[in-house]
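**Student:**
There are 2 protein chains.
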Amino acid sequence: MNQVLEALQWRYAVKLFDPSKSIAEEDIHTLKSSLHLSASSYGLQPWKFLFIQNKDLREKLKAKSWNQKQVSDCSHYVVFLATKTINDEYVKNYVNLMSIIRSVPIDKLSGLHKAIYNDVVTGPRSKISQEWASRQCYIALGSLLTAAAILRVDACPMEGLDPAAYDEILQLRNTNYFTVMACALGYRSESDVLATAEKVRFPIESVIEDII
Amino acid sequence: MNQVLEALQWRYAVKLFDPSKSIAEEDIHTLKSSLHLSASSYGLQPWKFLFIQNKDLREKLKAKSWNQKQVSDCSHYVVFLATKTINDEYVKNYVNLMSIIRSVPIDKLSGLHKAIYNDVVTGPRSKISQEWASRQCYIALGSLLTAAAILRVDACPMEGLDPAAYDEILQLRNTNYFTVMACALGYRSESDVLATAEKVRFPIESVIEDII
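Protein sequences appear in the order of chains Z and H.
Numbered by the working numbering, the letters in the first sequence go through residues 808 to 1019 in order.
Numbered by the working numbering, the letters in the second sequence go through residues 808 to 1019 in order.
1. Could one say the Cβ of lysine 855 of chain H lies closer than 7 Å to chain Z's Cβ atoms, at least one of them?
2. Which of helix, strand or coil does DSSP assign to aspartate 961 of chain H?
3. Which bits of chain H does valine 1007 of chain Z rub up against, with CB to CB less than 8 Å?
4. Are there 16 or more other CB atoms within 10 angstroms of the CB of tryptophan 939 of chain H, so buried, or fewer, so exposed?
5. Please list, in chain order, all residues of the same chain as tyrosine 798 of chain H whose beta carbon is under 7 Å from its beta carbon, the five residues on each side excluded.
6. Got a sec: does the ligand MG put a non-hydrogen atom nearer than 6 Å to the Cβ of glycine 930 of chain Z?
7. Who are the neighbours of arginine 995 of chain H on chain Z, taking C-beta pairs under 7 Å?
8. With a Cβ-Cβ cutoff of 7 Å, do arginine 976 of chain Z and lysine 867 of chain Z count as a contact?
9. If the cut is a Cβ gap below 8 Å, which residues of chain H does glycine 949 of chain Z touch?
10. Is phenylalanine 856 of chain H closer than 7 Å to leucine 844 of chain H when the C-beta atoms are compared?
11. Could you give the C-beta distance for leucine 951 of chain H and leucine 838 of chain H, rounded to a whole number, given that I count them as a contact under 8 Å?
12. Going by DSSP in three states, arginine 865 of chain H sits in which element: helix, strand or coil?
13. In angstroms, rounded to a whole number, what distance separates the CA positions of isoleucine 957 of chain H and arginine 995 of chain H?
14. Work out the CA separation of valine 878 of chain H and lysine 869 of chain H for me, nearest whole Å.
15. For threonine 890 of chain H, tell me which candidate among H:Arg865, H:Asn925, H:Arg909, H:Ser933 has the shortest Cα-Cα distance.
16. Check glycine 967 of chain H in the structure and name its three-state DSSP category.
17. Give the DSSP-derived three-state secondary structure of tryptophan 873 of chain Z in the structure shown.
18. Contact between the region 983-1000 of chain Z and the region 810-828 of chain Z is defined here as three or more beta-carbon pairs at a separation below 8 Å; is this criterion met?
19. Assuming isoleucine 893 of chain H and glutamine 860 of chain Z form a contact by the criterion Cβ under 8 Å, report the distance between their Cβ atoms to the nearest whole angstrom.
20. Assign serine 941 of chain H to one of two classes, buried (16 or more other C-beta atoms within 10 Å of its C-beta) or exposed (fewer than that).
21. Please report the straight-line C-alpha distance between glutamate 966 of chain H and alanine 989 of chain H, rounded to a whole angstrom.
22. Can you find a C-beta in chain Z that's less than 7 Å from the C-beta of phenylalanine 858 of chain H?
23. List, in chain order, every chain H residue whose beta-carbon is nearer than 8 Å to that of valine 820 of chain Z.
24. Using 7 Å as the limit for Cβ to Cβ distance, is valine 898 of chain H near chain Z?
25. Out of curiosity, what's the CA-to-CA distance linking asparagine 874 of chain Z and tyrosine 973 of chain Z?
26. In terms of alpha-carbon separation, which member of Z:Phe858, Z:Pro970, Z:Met905, Z:Glu832 lies closest to lysine 871 of chain Z?
27. Run through DSSP, which three-state label would glutamate 1025 of chain Z get?
28. Please report how far the alpha carbon of threonine 1003 of chain Z lies from the alpha carbon of glycine 930 of chain H, in whole angstroms.
29. Since proline 853 of chain H and glutamine 978 of chain H are thought to touch, with beta carbons under 8 Å apart, how far apart are those beta carbons, to the nearest angstrom?
30. Under 7 Å Cβ-Cβ, which residues of chain Z neighbour asparagine 809 of chain H?
31. When the cut-off is 7 Å and only beta carbons count, does alanine 940 of chain Z lie next to chain H?
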């Protein structure tokens, strides 16, 4: 079995973290990079990621997460935020950045600018802006989970939380961000019985179809 | 730089695929597994993935994807489908599977069954069922992109398509699935100028915040 498959078989949604173990800086850097470098629609990165180690803050968030122990016991608790709106300034900022990074004159990017503007700022995607941004966060989550598994860092993706309460606690009201979901990162506890439980997957033939 | 970072730096959204190159069976198996084993909410796997190699079908889909050449020129074109509804039968089927795979008596899983039912079939998530299922597909997309990068298989995630037209072409009307998005897999063409373009990312400090 190859390395990617081994990692994917090894991972599971951790129920009990070992609170005494914390992730080394080098791995945290790689995990942050897996979010920073994640793919997103048009490359717009409509997101922000909070790496929360503060214990008090985590207790508050735990109370709004069905008291799931993962929030307090993991090493790093990552909250995924999406953008509330993508306006023309946001798109300009992105296109300017592209112009600088790739040394392309800004007027050569006006077609791209217009295409993004006509979709995300005023067109079809502007009507589902927050949902569209939330979906992008899930791409980043998938990247993070896979990168973590390869590094043998454990994780638990968390949808069971109250996003509005998170927004309050994280003081997001006057920002361009709102809470989508979270992911606990750290190391499994030896007493987590789920660590050795078989994966439950529908037969591969029922979820993957070849059309040749 | 470590292996994961190298892979993530290497990947980009391919504009031009080399139509003469196809992905070896062993890698296809790993890529399929990255979808099959992907995390999902409650582990419910509300999805299906079509690996399309058929040229005629791909031409039809291309016409409903802004004629983007990735659809026809890639090695395998993967269409991500989400479930239209999760009903009690679906949940029962899942819990039964868990009972069999983990050798746990079915009555020991009644609490889990009820929790899923009260959320996904009749509760909060039932009201956003299709959106919730779509988001899960994006986790699988993130896993696929990262697994592909590590295998040095190129990819292009595709949101620029007409999902309703795809549903027609793929004859999904009388099924429990609808089209969410797609991902082209294969190998970059030597003439793809984007292959060597610098990545455009906002400064890491502006998208990742440590709260210590």
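Ideal Cβ placement from N, Cα and C applies to all residues, glycine included.
Remember, predicted model here, so these are calculated numbers, not experimental data.
**Tutor:** Concretely, from the data shown:
1. yes
2. strand
3. Gly850, Tyr901, Leu904, Met905, Ile908, Arg909
4. buried
5. Not covered by the structure: residue 798 of chain H. The range shown for chain H is 808 to 1019.
6. Ligands displayed in this structure: none; no statement on the ligand MG is therefore possible.
7. Within chain Z, no residue has its beta carbon less than 7 Å from that of arginine 995 of chain H; the closest one is some 15 Å off.
8. The displayed chain sequence assigns isoleucine, not arginine, to residue 976 of chain Z. Yes. Within cutoff.
9. Ser845, Ala846, Tyr945, Ile946, Ala947, Leu948, Gly949, Ser950, Leu951, Leu952, Thr953
10. Contact flag unset, no.
11. 6 Å
12. Here arginine 865 of chain H sits in helix by DSSP.
13. Using only the alpha carbons, I get a separation of about 15 Å.
14. 6 Å
15. H:Ser933
16. coil
17. coil
18. yes
19. The pair is not a contact, with the Cβ atoms about 36 Å apart (cut-off 8 Å).
20. buried
21. So the two alpha carbons sit approximately 7 Å from each other.
22. Yes, its Cβ sits closer than 7 Å to a Cβ of chain Z.
23. Sequence check: residue 820 of chain Z is alanine here, not valine. Simply Ala846, Gly850.
24. no
25. 13 Å
26. Z:Pro970
27. Residue 1025 of chain Z is absent from the structure shown; chain Z starts at 808 and stops at 1019.
28. 31 Å
29. The beta-carbon distance between proline 853 of chain H and glutamine 978 of chain H, rounded to whole angstroms, is 20 Å. This is too long to meet the 8 Å contact definition.
30. Thr837
31. No, because no Cβ of chain H sits closer than 7 Å to the Cβ of alanine 940 of chain Z.
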